[in-house]
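From first to last, the protein sequence lines stand for chains A, B, C and D.
Heads up, the first sequence is in UniProt numbering, so the first residue is 1 and it goes up one at a time.
Heads up, the second sequence is in UniProt numbering, so the first residue is 1 and it goes up one at a time.
Heads up, the third sequence is in UniProt numbering, so the first residue is 1 and it goes up one at a time.
Heads up, the fourth sequence is in UniProt numbering, so the first residue is 1 and it goes up one at a time.
Where is the CB? At the ideal position from N, CA and C, for every residue including glycine.
All figures in this text were calculated on a predicted structure; none of them were measured in a lab.
These notes concern the structure reproduced below.
Number of protein chains: 4
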Amino acid sequence: MNRVKVGIVGATGYAGVELCRLIMGHPQAELSAISSVSFEGKTLSEVYPAYFHMCDMICGTQEQVLEKSEVIFAALPHGLSQELAAQCVKAGKAFTDLGADFRLESEEEYKEWYGGSFTDKALHQEAVYGLPELFRERIRGKRLIANPGCYTTAVPLALAPALEAGLIQPEGIIADCKSGVTGAGRKPTQGNHYPELNEGFTAYKVAAHRHTPEMEQTLSHIAGQKIKLTFVPHLLPINRGILATCYAKLAPGAELAAIRKAYENRYAGEFFIRLLPDGQCANVKNVRCTNFCDISLFADSRTGTFIAVSAIDNMVKGAAGQAIQNMNLALGIDETAGLKLVPPAF
Amino acid sequence: MNRVKVGIVGATGYAGVELCRLIMGHPQAELSAISSVSFEGKTLSEVYPAYFHMCDMICGTQEQVLEKSEVIFAALPHGLSQELAAQCVKAGKAFTDLGADFRLESEEEYKEWYGGSFTDKALHQEAVYGLPELFRERIRGKRLIANPGCYTTAVPLALAPALEAGLIQPEGIIADCKSGVTGAGRKPTQGNHYPELNEGFTAYKVAAHRHTPEMEQTLSHIAGQKIKLTFVPHLLPINRGILATCYAKLAPGAELAAIRKAYENRYAGEFFIRLLPDGQCANVKNVRCTNFCDISLFADSRTGTFIAVSAIDNMVKGAAGQAIQNMNLALGIDETAGLKLVPPAF
Amino acid sequence: MNRVKVGIVGATGYAGVELCRLIMGHPQAELSAISSVSFEGKTLSEVYPAYFHMCDMICGTQEQVLEKSEVIFAALPHGLSQELAAQCVKAGKAFTDLGADFRLESEEEYKEWYGGSFTDKALHQEAVYGLPELFRERIRGKRLIANPGCYTTAVPLALAPALEAGLIQPEGIIADCKSGVTGAGRKPTQGNHYPELNEGFTAYKVAAHRHTPEMEQTLSHIAGQKIKLTFVPHLLPINRGILATCYAKLAPGAELAAIRKAYENRYAGEFFIRLLPDGQCANVKNVRCTNFCDISLFADSRTGTFIAVSAIDNMVKGAAGQAIQNMNLALGIDETAGLKLVPPAF
Amino acid sequence: MNRVKVGIVGATGYAGVELCRLIMGHPQAELSAISSVSFEGKTLSEVYPAYFHMCDMICGTQEQVLEKSEVIFAALPHGLSQELAAQCVKAGKAFTDLGADFRLESEEEYKEWYGGSFTDKALHQEAVYGLPELFRERIRGKRLIANPGCYTTAVPLALAPALEAGLIQPEGIIADCKSGVTGAGRKPTQGNHYPELNEGFTAYKVAAHRHTPEMEQTLSHIAGQKIKLTFVPHLLPINRGILATCYAKLAPGAELAAIRKAYENRYAGEFFIRLLPDGQCANVKNVRCTNFCDISLFADSRTGTFIAVSAIDNMVKGAAGQAIQNMNLALGIDETAGLKLVPPAF
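Written as structure tokens, this is what we have:
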């Protein structure tokens, strides 16, 4: 069988290079071309010496990626994907956007949180939101996929079964999330300069992060009613991973055992969801470099509060890995192809 | 003026050695004696080479500490302080317990969460809970002080003014806390072995941590009614610091500006409380090695949620520093003596 | 083709679990059985939750591993492998020791540095030292392999071509090495307790580390004369990796260009050796989770000193990866099978 | 007594803010003014929120610092201090340069390594090199001080007594140094972006670092003959500290006991030098936030090599602390004033 030719636009950012890593190990795909505005003309291994002799492909232009590839992934700053998506669709290429341009269904919300507008409304209609464990059937065979953000994968996966089953109350949900630094991108900033971040810990964009409406959109679909939540992200002094600690009021009469059963049923057969045994808590360490989402469930009977803690690798299940899972699903390949990643234990 | 002779029982644990550090820099106190069960006969600098030529005092016995000191601090595992406290009181020494033995007023709660009982009820009656910013007047002149735990300092200080002013609802409070590793003590464990913790992050004792009833006790005093809260601690791969992200429902009509005003009034003149400017978030980095508690206030108007984020150094304001603040207060010394610590910026 | 049945004795230490990880991803081998004295009866994923649903194999006994496997790897504390090796050889199994029991050819040196003796001298005669890039032909087809230590891989690979070509002087060699913490094992110790190691850095066993005679043995074979060197290891606050900074006097008239040529020739075709371009320095980050040894060459013409800096992952090329490379070589499988590991870029 | 008015030019860099921290705690000095090109008009606490309510002084101009201060410290990029020094001298102010402009005695070497020239040769004649433990008498009463760099403090202090006593050979000295990240400054760079540095380790400027001629100058003065050495710096993923592992050939007949004696004599009474007991190795952790230089001595009798390992805090003894030590010495204040810093143990 021929391998699928996969091209990556924006290959030298953290999500981009993680896509390269995963495609290099994918049995049914091959890296056909990569582009980078910042490093055009350089090899990937000049930018990331870890790939010396493993991937010395030269970063070209967006146009070259389009020409040489059947499937295109874009890992670009928000706002730059709409035009590229249109070109891909016109040229008959499959396109997955790892940015936020196609994630929100409501143009109004997009304007409010991102400050832009939908340049081609038909295109937005065509796009499908790629969170396979919640919306698998809609993704199959699709050509234009909006890949979810990192927080927006961890939080909905942690809450969906309880919400869907009516075992938690739809109001008053809180998502207290902690992310590794790669989520903030590769561009050096004062805040992520090593001595400033190391041995520090803080929250940022408190109740004001752009992923808020995206989580609400997903959870509203699941709940069948409008969900609002309070979302506070924090920055961890580690490279990879998101831990989402999610709080909701238990529905009257709901107990942890029933909730657990709902998760077992909802996620039965899901390779990438690992529902942890009672008493064990999800840890970002255990999902590093993998496409897993580990989920642990707790209840505080003293206060009637349900607590779900999920962990993902923000760059894999929260970005590149999920994009490939979506690609597999869209192309009819085994959904886990290239993603049964054996994690390092330390 | 003669310096107060201060002795430390359990000087080689993290809280104990931090007490040594602070007493060494205190203008009106001096280290009179130290004890350690694990390192009896060794110098402090053999245990902590940072103190070579700075404090080469030999670790003796508890008895020696009692004999040589006017004020005794005990940094012992829970359960070991009751007898020592009785001895100190009998010998006319001032005693501060950094453990949990005298923190809870209710023996029933003590039994439930710690599994022990009050061996001398009169002694427990005498003990005062040492959180100066909330209970200053009760502490003055006292001889037996229960020094609060780390989480139990960070959370009540973050919430008290809003709760006291009726600007948040007393039900449904959530405290999502993140602590540096020193909070778990100096004894090596598998979980805190460097390669296991490094690049990891998880929650522990979810809704089951012993500090829960202590926070509730403090907040109930402040609110004038029984408060229950949901408390989830997490372990950060850093040495020092606690960040407490606290959530509460806004009272009807309450707005952030009014809440801010309540904090400004409540904490006016408090040297160790720094209420941060709007938009800036508390960071454990900024309070390292100091006795400060930084507090930042936010509201999520979309969901009617109040969010207070506080940061302390778990070993200073969360342990040794607060113990000295209490000592100063009890002895009638300037409350900030030895505690105007200039923090390292990085 | 049937997969080779590989068993691991001591599977729950860091080298052992890394062997499990690599065998799980090996196309021509399968994990047949694992043992652990500390965790007998537990699954690998109970010990390392990262493997939940990926390897839930139960830790059995050494005997069970022998019975179920064709190839046995032992990752045991020094001194425990000699008897096991004898059993394996007797039972017709291939055996690789990741400990030090069979590494030294001289029983005298073994006594001096390890304090033990060779219990079966014939067995020691049979054992081959498994550093493929230097001794490949001796390893092919062998059944009893002594897998080199971590420092003893990084240092000889960094120096061998220059020494062999007579371009550096054989006297006065210095190896200043820095290792990640996993090299010290999984057992919690005071020194590797997170708060003690974090933000610290020191040397240990200065000029007294057991890997010294092993390096000298390898370099003496290469040089054709007895080599002695000064070896100082340091402990880095990172999980994985060794950086070896090696110093030697340039031979009269030797220049960097000629030395570089010697390395290019000596390591031509070596998949796992990456000779870095001029001016670029090896970094442990770039070899993490891979079997690569990155080497960079420098000369200080002001002082006539040659400097070679090599980087390996101490748990892969320095332990488990090299063991599998040796297995492949011994069994006649493609030497890189299971070892073309795509590294994470961050 | 009036406190000395101390001004800091370049106060918002890491060395500058560390000067602020130390002056804030100095009993005989006070911070009179600070300047910053990047943050003019902002308070120090806006740049470093750790100083909120501790130092809310506004960053002004260089001119304002001159006007308001008796003693001026400049922590500027190399090349910018010569003119400022001239202004200070002219205005009768004491001036200490924490940069490299006045460190090298040879203009030729300055040109070779820094690319600039001495604009005012008389001024360079006037400048004294401020390494008190080696050149104390020259510093007393001086008004223009060149404060040594970080590596150039750690290496000479580690080697001077042995070299001076003729117990090591003057040829073939190697300094393998490892520095925390603050040494590279506060400006964000790709290499010091958190995810790039974290879990990595490498050497840089191998045998080509600008501190080389400065170390050689100091050691040549001590040895009374021209010394050349090989210097390789490495970058540690920690915030503070330098560990210098220095190698030299033992002089014929020299033994460790005699060398130790030479260090004890040479450094007798030096408060900031801590000669560690036999067998204990210097660790950057033990000198954090202090002005100590810890030194440990070893000999490799197998190869005739002397090994001295020293540790300093690169921002204190390697920059700001030493600058204040020099100021104290120059002004006739107790040399340890403001510098008896009690270190945190963790």
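Pick from the options that is closest to residue i, judged by C-alpha positions
| i | options | result |
| --- | --- | --- |
| glycine 338 of chain B | D:Glu112, D:Glu335, D:Val342 | D:Val342 |
| histidine 234 of chain B | B:Lys340, B:Ala207, B:Gln190, B:Ala262 | B:Ala207 |
| leucine 329 of chain B | B:Ala308, B:Pro252, B:Ile145 | B:Ile145 |
| arginine 260 of chain A | A:Ile238, A:Thr290, A:Phe298 | A:Phe298 |
| leucine 22 of chain B | B:Thr212, B:Trp113, B:Cys289, B:Thr12 | B:Cys289 |
| threonine 152 of chain D | D:Cys59, D:Pro195, D:His209, D:Thr119 | D:His209 |
| threonine 245 of chain B | B:Thr43, B:Cys55, B:Leu229 | B:Leu229 |
| proline 132 of chain C | C:Ala257, C:Ala345, C:Gly321, C:Lys340 | C:Gly321 |
| glutamate 40 of chain C | C:Gln64, C:Cys20, C:Met24 | C:Gln64 |
Range covered by the beta strand (DSSP E) that runs through residue i
| i | result |
| --- | --- |
| arginine 274 of chain D | 273-275 |
| serine 310 of chain B | 305-312 |
Test item: CB-CB of residue i and residue j under 7 Å
| i | j | result |
| --- | --- | --- |
| cysteine 281 of chain B | serine 296 of chain B | yes |
| phenylalanine 231 of chain D | alanine 175 of chain D | yes |
| leucine 159 of chain B | cysteine 293 of chain B | no |
| isoleucine 238 of chain D | serine 179 of chain D | no |
| glycine 318 of chain B | isoleucine 312 of chain B | yes |
| leucine 276 of chain A | isoleucine 222 of chain A | no |
| alanine 29 of chain A | arginine 3 of chain A | yes |
| phenylalanine 118 of chain D | glutamate 126 of chain D | no |
| glycine 183 of chain A | asparagine 314 of chain A | yes |
| alanine 323 of chain D | phenylalanine 73 of chain D | yes |
Minimum Cβ-Cβ distance from residue i to chain A less than 7 Å
| i | result |
| --- | --- |
| valine 232 of chain B | yes |
| alanine 207 of chain B | yes |
| proline 343 of chain C | yes |
| phenylalanine 52 of chain C | yes |
| methionine 24 of chain C | yes |
| arginine 260 of chain C | no |
Beta bridge counterpart(s) of residue i as assigned by DSSP
| i | result |
| --- | --- |
| leucine 144 of chain C | C:Phe95 |
| tyrosine 129 of chain D | D:Ala146 |
| residue 373 of chain D | There is simply no residue 373 of chain D to check, as chain D begins at 1 and stops at 346 in what is shown. |
| residue 349 of chain B | Residue numbering for chain B in the displayed model covers 1 to 346; residue 349 of chain B lies beyond these limits and cannot be assessed. |
| asparagine 283 of chain D | C:Thr202 |
| valine 71 of chain A | A:Val6, A:Ala94 |
| histidine 193 of chain D | A:His193 |
Min CB distance residue i to chain C below 7 Å
| i | result |
| --- | --- |
| tyrosine 194 of chain B | yes |
| asparagine 283 of chain B | no |
| asparagine 198 of chain B | yes |
| asparagine 314 of chain B | no |
Min CB distance residue i to chain D below 7 Å
| i | result |
| --- | --- |
| tyrosine 267 of chain B | no |
| threonine 182 of chain A | yes |
| threonine 202 of chain A | no |
| threonine 218 of chain C | no |
Residue span of the alpha helix (DSSP H) that contains residue i, given as start and end
| i | result |
| --- | --- |
| tyrosine 247 of chain B | Tyrosine 247 of chain B -> not in any alpha helix (DSSP H); beta strand (DSSP E) instead, spanning 242-249. |
| cysteine 20 of chain D | 14-24 |
| serine 220 of chain B | 211-223 |
| alanine 337 of chain D | That residue, alanine 337 of chain D, is in no alpha helix (DSSP H); it is neither H nor E in DSSP. |
Residue i at chain B interface by Cβ criterion, 7 Å
| i | result |
| --- | --- |
| residue 398 of chain D | The structure shown has nothing for residue 398 of chain D, since chain D only spans 1 to 346. |
| arginine 302 of chain A | yes |
| arginine 210 of chain D | no |
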